[in-house]
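Contents: one structure, followed by commentary.
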Amino acid sequence: MDTTASRASERTRKEYARRLDLALGYIDAHLGDEIPLARLAAVACFSPYHFHRLFTAMVGEPPAEYVRRLRLEKAAVRLVNDPCVPVTEIALACGFSTSALFCRLLKARFGLTPRAWRAGGGEMRKNGQQDRKKGKDLPPRPGYDGPAQTNSGRHGMKKAPVVRIEDVPPLRVAYVKHMKGYEDSAGIGEAFETLFAWAGPRGFMGPEARVLGVSLDSPDVTPKDKCRYCACVAVNDRAEPDGRVGIMTLRPGKYAVGRFSGGADIFRKAYAAMFGDWLPKSGWQPDDAPAFESYVGEPSGTAERPRFVFDLYVPVKPL
Numbered sequence: 246m247d248t249t250a251s252r253a254s255e256r257t258r259k260e261y262a263r264r265l266d267l268a269l270g271y272i273d274a275h276l277g278d279e280i281p282l283a284r285l286a287a288v289a290c291f292s293p294y295h296f297h298r299l300f301t302a303m304v305g306e307p308p309a310e311y312v313r314r315l316r317l318e319k320a321a322v323r324l325v326n327d328p329c330v331p332v333t334e335i336a337l338a339c340g341f342s343t344s345a346l347f348c349r350l351l352k353a354r355f356g357l358t359p360r361a362w363r364a365g366g367g368e369m370r371k372n373g374q375q376d377r378k379k380g381k382d383l384p385p386r387p388g389y390d391g392p393a394q395t396n397s398g399r400h401g402m403k404k405a406p407v408v409r410i411e412d413v414p415p416l417r418v419a420y421v422k423h424m425k426g427y428e429d430s431a432g433i434g435e436a437f438e439t440l441f442a443w444a445g446p447r448g449f450m451g452p453e454a455r456v457l458g459v460s461l462d463s464p465d466v467t468p469k470d471k472c473r474y475c476a477c478v479a480v481n482d483r484a485e486p487d488g489r490v491g492i493m494t495l496r497p498g499k500y501a502v503g504r505f506s507g508g509a510d511i512f513r514k515a516y517a518a519m520f521g522d523w524l525p526k527s528g529w530q531p532d533d534a535p536a537f538e539s540y541v542g543e544p545s546g547t548a549e550r551p552r553f554v555f556d557l558y559v560p561v562k563p564l
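Below you can see the structure in the form of structure tokens.
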């Protein structure tokens with residue numbers, strides 16, 4: 246009886262996780278559109294009367310706050326990455342009803358107007374300016390904010406990365422999402438373990454397996470404990486979602502690709518090198534899609550001091 250109840254509980258947990266992931270995926274794909282609560286509930290196949298409570302309990306934020314935060318963070322990154330695009334165009338594209346609303350929310354969150362955020366926000370934050378409402382240090386500005394330093398200055402690497410441009414076809418992956426920040430290595434490790442336990446019996450973990458990590462948020466804008474990460478493995482067209490394991494297709498197009506190797510801090514250094522050193526000199530700018538890491542072989546070293554080799558793929562478009 247206990248075994249039967251345990252199996253039923255596990256099936257329920259997996260089904261709830263699958264439905265929640267449908268709602269989260271819908272939000273990611275429709276940030277620029279209206280997202281009524283009833284629509285999200287329908288996507289997740291939950292009653293609209295109870296969906297708000299379920300979402301809040303499982304995600305840690307009410308649906309409206311979650312959507313508003315993602316919109317604001319996406320717009321803040323675009324302000325820096327697309328300096329020639331008008332503020333109003335970015336605000337509307339990211340789902341705000343008016344540019345005035347976006348400006349108010351940006352000021353409330355970061356203490357800066359869009360113009361100040363674009364022009365000098367990074368330097369102001371480096372000098373210790375605080376959000377007067379919350380009394381907290383503001384995060385560093387995302388993207389490029391000055392000439393890259395050489396050697397170990399900006400990104401802590403002795404050599405600038407060797408980068409190539411690749412045309413990447415659509416890539417279908419299975420994923421397990423981790424939503425508690427990039428610094429939570431135990432949580433990210435658990436996401437990969439869950440993914441591999443699913444992928445192995447289905448034949449997706451052979452010698453040719455392609456293992457990836459997709460970083461959905463910029464830690465320069467998103468609170469560190471809310472950055473979302475997807476542990477991924479490439480799959481074929483027959484793979485289907487199963488509980489925490491979702492299916493998505495990574496965006497095709499041009500990517501700047503650099504290879505990096507090192508310890509646990511190599512990920513931070515790699516992103517800093519690509520965005521702070523290579524991109525500003527390249528004639529390219531970041532495109533509006535997540536970057537991802539494609540791992541080369543398995544980690545080496547020890548559990549306490551692992552070493553990784555990976556290719557960092559950054560979506561780009563001509564400057």
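Quick note on numbering: the sequence shown equals residues 246 to 564 in the working numbering.
Think of the CB as a built atom: it goes at the ideal place given N, C-alpha and C, for glycine as much as any other residue.
Less than 8 Å between CB atoms is the rule here; does residue i satisfy it with respect to chain D?
i, result
"L524", "As a matter of chain content, chain D is missing from the structure shown, which is built from one protein chain."
Smallest Cα separation from residue i: which of the options?
i, options, result
"A479", "R473, M493, P464, P468", "M493"
"Y500", "D556, P525, D522", "D556"
"W461", "F537, V413, S430, W443", "Here residue 461 is Leu; the residue named in the question, Trp, does not match the sequence. Here the closest residue by C-alpha is F537."
"I272", "G340, L564, V330", "G340"
"V466", "F355, A518, I280", "F355"
"I410", "L276, R314, G503", "G503"
"V456", "D470, F441, P468", "F441"
"P468", "R314, A336, E453", "R314"
"E453", "G546, A517, S539, E485", "S539"
"K259", "Y294, W443, Y311", "W443"
"L495", "G458, D278, G451, P293", "G458"
"A364", "C329, R256, A274", "C329"
"A434", "R349, V312, A548, L324", "Ala is not the amino acid found at residue 434; the sequence shown has Gly there. Nearest of R349, V312, A548, L324 to G434, Cα basis: A548."
"P470", "G277, G305, T257, R256", "For clarity, residue 470 is Asp in the given sequence; the question names Pro instead. Minimum Cα distance to D470 is reached at G305."
"A541", "L285, E255, I280, G507", "Just to set this straight, residue 541 is Val in the shown sequence, not Ala. The shortest C-alpha separation from V541 is found at G507."
"D533", "R252, T257, S254, G277", "G277"
"H275", "R252, L337, R256, G448", "L337"
Can you list, in chain order, the residues of its chain whose CB lies under 6 Å from that of residue i, leaving out five sequence neighbours each side?
i, result
"K381", "Legend: pLDDT at K381 = 38, less than 50; position of this residue unreliable, no value from coordinates given."
"A262", "G488, R489"
"A405", "D522"
"P544", "P551, F553"
"A436", "V421, H423, A476"
"L265", "M303"
"P486", "R263, I492"
"R349", "none"
Apart from the five residues on each side of it in sequence, which residues of its chain come closer than 7 Å, Cβ to Cβ, to residue i?
i, result
"D297", "According to the sequence as given, residue 297 is His; it is not Asp. Excluding sequence neighbours, H297 sits near L282, P307, P308."
"F291", "R264, L299"
"P497", "V413, P414, P415"
"L564", "G528, W529, Q530"
"A509", "S430, P551"
"T395", "Bear in mind that the predicted position of T395 carries a pLDDT of just 34, short of 50, making it too unreliable to give a figure here."
"P293", "L282, A283, A286"
Could you give the first and the last residue of the continuous beta strand (DSSP E) run that contains residue i?
i, result
"H275", "Where H275 is concerned, there is no enclosing beta strand (DSSP E), given that its DSSP letter is neither H nor E."
"Y474", "474–479"
"P308", "It is not in any beta strand (DSSP E) - P308 instead sits in the alpha helix (DSSP H) that spans 308–326."
"P531", "529–531"
Strictly by DSSP, which residues pair up with residue i?
i, result
"T494", "R417"
"L545", "The question names Leu, yet the displayed sequence has Ser at residue 545. DSSP, once it has assigned bridges, lists R552 as partnering S545."
"G503", "V408, L557"
"W523", "Answer is none; W523 lacks a bridge partner."
"K514", "According to DSSP, K514 bridges with nothing at all."
"S539", "L457, D556"
"K422", "C475"
"P216", "This structure cannot settle anything about residue 216, because the visible part of the chain is limited to 246 through 564."
"D487", "V490"
Could you pull out every residue in the same chain whose Cβ sits closer than 8 Å to the Cβ of residue i, ignoring the five residues on either side in sequence?
i, result
"L351", "L317, A320, A321, L357, T358, P359, W362"
"V288", "L267, A268, Y271"
"P392", "Note on P392: pLDDT 29, under 50, position unreliable in the model; the coordinate value appears next. Correct list, in chain order: P525."
"Y558", "E411, V413, Y500, A501, V502, A536, F537, E538, S539"
"Y311", "I272, F300, V304"
Cβ-heavy atom distance between residue i and the ligand FAD below 7 Å?
i, result
"A518", "With respect to the ligand FAD, the structure shown offers nothing to examine, as it has no ligands at all."
Assuming residue i is part of the alpha helix (DSSP H), what are its boundary residues?
i, result
"E334", "332–338"
"W362", "359–364"
"L457", "It is not in any alpha helix (DSSP H) - L457 instead sits in the beta strand (DSSP E) that spans 456–460."
"E435", "430–444"
"P568", "Beyond the ends of the chain as shown, which are 246 and 564, falls residue 568; an answer cannot be given."
"F341", "Element bounds for F341: n/a, residue is neither H nor E."
"V288", "282–288"
"F296", "293–304"
- Query: Does the stretch 470–486 come close enough to the stretch 422–439 that 3 or more CB-CB pairs lie under 8 Å?
  - Reply: They touch, by the three-pair rule.
- Message: Measuring CB atoms only, is the stretch 528–545 touching the stretch 429–447, in the sense that at least three cross pairs come out at less than 8 Å?
- Response: Because the criterion of three Cβ pairs below 8 Å is not met, the stretch 528–545 and the stretch 429–447 do not touch.
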